[in-house]
């Protein structure tokens, strides 16, 4: 049941007499509305309006709608078994499913025909973690279609998904080219076209990951402290930056490697065939490193530190401000873990580059070409594990695995 204020994510702080109070407990403040939750509520209302199975005019009786058919309503445990009376007293009663039969509507249309609707299976999970649910047997339905899923509404998962896709492409597509080079001492194919492809592929993936990480850090700040403003401008602040993180490096390096007016003398005995020729131009090469390398790392570092500092300050204040940590701790912990990974991997590269701008040190050049160039792959290799560690279900499984279980005598 939805009551006024639920769609705004308003809380009455456990007060059950708000209806007779004229104060902040019962007031509605639309400026503080969670627009993402508001949109989800609109979808729920639309679903109820279009499906009469949710607007019955008679009570359920839990009996088959006709001989040999299933009940008009049925309750299931998360393992797909029917719930019994004693099951409602168990801890797992917080996680259950309910089947609503579309053929059990006891009302008729204006033409006197029996109302028939789709059947629905609604899953509830009041447990703090993730649970695997088993659907009812084939006697209830042979095919199911997902209509609404609250976990898919979490836009903070989008950036993580993009990072995982990029790292997967890097590890399975580009890293084998580098490993083959380290094994044989030469490029896989000794041709100009292959060198151009390798350079574009390498530069694009690293730059896409860095920009995505920088955008993720900034977006997490908005999600934690300015969620309402962020939801109001979701397309501008969320989807457009993510698209640019992918399109910008592809277009940039495709042009610089294949169209820019400089002579490429590829050396097949060097990593990425010695790199693109524009990197050896003082202005353009430095600008590329600063914009697509240094700025990304600095943005990620600054945004992450800003979130941590603000959370630590507000966590020590009154309860209403401490709720920022309680509501967003998973977002913050996952961001800090990912940002720390990228900062530890890329900050040495940035420091090495900045020093070489002012000094011509052969030692630093040798360190970068022999070690740091390959050290960068560590972010792609470890990113999936850091993302998985941020999932509560994975952490819970690891804790259970490391606990000693009592043995039956």
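Numbering (this note's numbering), first residue to last: 147 to 555.
Glycine included, every Cβ here is placed at the ideal spot set by N, Cα and C.
Residue 345 to residue 486 span [Cα, whole Å]
Taking the chain shown and counting its residues from 1, the one referred to as residue 345 is at position 199. Taking the chain shown and counting its residues from 1, the one referred to as residue 486 is at position 340. For residue 345 and residue 486, the distance between alpha carbons rounds to 27 Å.
Can you name, in chain order, every residue of its own chain whose Cβ lies under 7 Å from the Cβ of residue 505, other than the five neighbours on each side?
Translated into positions along the chain shown, residue 505 becomes position 359. Closer than 7 Å at Cβ, skipping near neighbours: no residue.
Backbone CA spacing between residue 266 and residue 192 [nearest angstrom]
As a working mapping, residue 266 is identified with position 120 in the chain shown. As a working mapping, residue 192 is identified with position 46 in the chain shown. Cα to Cα, residue 266 sits roughly 15 Å from residue 192.
Quick one: using the 10 Å Cβ neighbour count with 16 as the cut-off for buried, is residue 535 buried or exposed?
If you number the chain shown from 1, residue 535 lands on position 389. A residue is called buried once 16 or more other Cβ atoms fall within 10 Å of its Cβ, and residue 535, having fewer, is exposed.
In the DSSP assignment, what are the bridge partners of residue 266?
Counting from 1 along the chain shown, the entry for residue 266 is found at position 120. Answer is 246.
What is the rounded straight-line gap between the Cα of residue 334 and the Cα of residue 353?
In the chain shown, residue 334 corresponds to position 188, counting from 1. In the chain shown, residue 353 corresponds to position 207, counting from 1. Their Cα atoms are separated by approximately 23 Å.
Unbroken alpha helix (DSSP H) run spanning residue 347, endpoints
As a first step, residue 347 is located in the chain shown; it is residue number 201 there, counting from the start. Element bounds for residue 347: 338-371.
Rounded distance between the beta-carbons of residue 281 and residue 226, thought under 8 Å:
Taking the chain shown and counting its residues from 1, the one referred to as residue 226 is at position 80. Taking the chain shown and counting its residues from 1, the one referred to as residue 281 is at position 135. Sure, about 6 Å apart at Cβ, within 8 Å.
To the nearest angstrom, report how far apart residue 157 and residue 303 are at their CA atoms.
Locating residue 157 in the chain shown gives position 11, where the first residue counts as 1. Locating residue 303 in the chain shown gives position 157, where the first residue counts as 1. Rounded to the nearest angstrom, the two C-alpha atoms are 25 Å apart.
Simplified DSSP state of residue 150, which is helix, strand or coil
Position 4 of the chain shown holds residue 150. Correct three-state label for residue 150: coil.
Closest by CA to residue 154, which one among 163, 172, 166 and 270?
As a position in the chain shown, residue 154 is number 8, starting the count at 1. Minimum Cα distance to residue 154 is reached at 172.
Could you spell out the range, first to last residue, of the alpha helix (DSSP H) harbouring residue 531?
Reading the chain shown from its first residue, position 385 is the one you call residue 531. First-last of the alpha helix (DSSP H) with residue 531: 523-535.
Beta carbon of residue 268 nearer than 8 Å to that of residue 243:
For this step, residue 268 is matched to residue 122 along the chain shown. For this step, residue 243 is matched to residue 97 along the chain shown. Yes.
Boundaries (first-last residue) of the alpha helix (DSSP H) holding residue 222
The residue labelled residue 222 in the question sits at position 76 within the chain shown. No alpha helix (DSSP H) holds residue 222; the beta strand (DSSP E) holding it covers 219-223.
Would you call the region 511-529 and the region 381-397 touching, i.e. three or more CB-CB distances under 8 Å?
no
By Cβ distance below 6 Å, which residues in the same chain neighbour residue 406 in space, the five residues on each side in sequence not counted?
Here residue 406 is taken as the residue at index 260 of the chain shown, counted from 1. These residues qualify, in order along the chain: 424.
In the DSSP output, what is residue 508 paired with across the bridge?
Stepping through the chain shown from its first residue, residue 508 is reached at position 362. None, per the DSSP bridge assignment.
Reference residue 415; option with closest CA among 323, 273 and 213
In the chain shown, residue 415 corresponds to position 269, counting from 1. The option with the nearest alpha carbon to residue 415 is 323.
Could you tell me how far apart the beta carbons of residue 370 and residue 453 are, in whole angstroms, since I believe they sit closer than 8 Å?
Indexing the chain shown from 1 puts residue 370 at position 224. Indexing the chain shown from 1 puts residue 453 at position 307. The Cβ separation is near 6 Å, so the contact holds.
Let's test the definition: count the other Cβ atoms within 10 Å of the Cβ of residue 283 and tell me whether it reaches 16, buried, or not, exposed.
Sequence index remark: in the chain shown, residue 283 carries index 137 (1-based). With fewer than 16 Cβ atoms within 10 Å of its Cβ, residue 283 is classed as exposed.
For the pair the region 476-483 and the region 441-453, tell me if three or more CB-CB distances fall below 8 Å.
Flag = yes, the region 476-483 and the region 441-453 touch.
So, at 7 Å on beta carbons, what are the nonlocal neighbours of residue 413 in its own chain, with the 5 sequence-adjacent residues on each side left out?
Counting from one through the chain shown, the residue named residue 413 turns up at place 267. Correct list, in chain order: 419 and 420.
Does DSSP put residue 480 in a helix, in a strand, or in coil?
Numbered from its first residue, the chain shown carries residue 480 at position 334. In the structure shown, residue 480 sits in a helix (DSSP, three-state: H, G or I).
Taking DSSP's pairing of strands, which residues face residue 228 in a bridge?
Counted from its first residue, the chain shown places residue 228 at position 82. Looking at the DSSP assignment, residue 228 forms a beta bridge with 222.
May I ask you to report which of helix, strand or coil DSSP gives residue 192?
The residue you call residue 192 lines up with position 46 of the chain shown. Helix at residue 192.
Whose C-beta lies closer than 7 Å to the C-beta of residue 210 among residues of the same chain, with five residues either side of it excluded?
Mapped onto the chain shown, residue 210 falls at position 64. Contacts found: 216 and 217.
Could you compute how far the alpha carbon of residue 427 sits from the alpha carbon of residue 434?
Sequence index remark: in the chain shown, residue 427 carries index 281 (1-based). Sequence index remark: in the chain shown, residue 434 carries index 288 (1-based). Computed Cα separation, rounded: 10 Å.
Give the DSSP-derived three-state secondary structure of residue 460 in the structure shown.
For the purposes of this step, residue 460 is identified with residue 314 of the chain shown, where counting begins at 1. Helix.
By how many angstroms is the C-alpha of residue 199 removed from the C-alpha of residue 246?
Walking along the chain shown from the start, residue 246 turns up at place 100. Walking along the chain shown from the start, residue 199 turns up at place 53. Cα-Cα distance, rounded: 7 Å.
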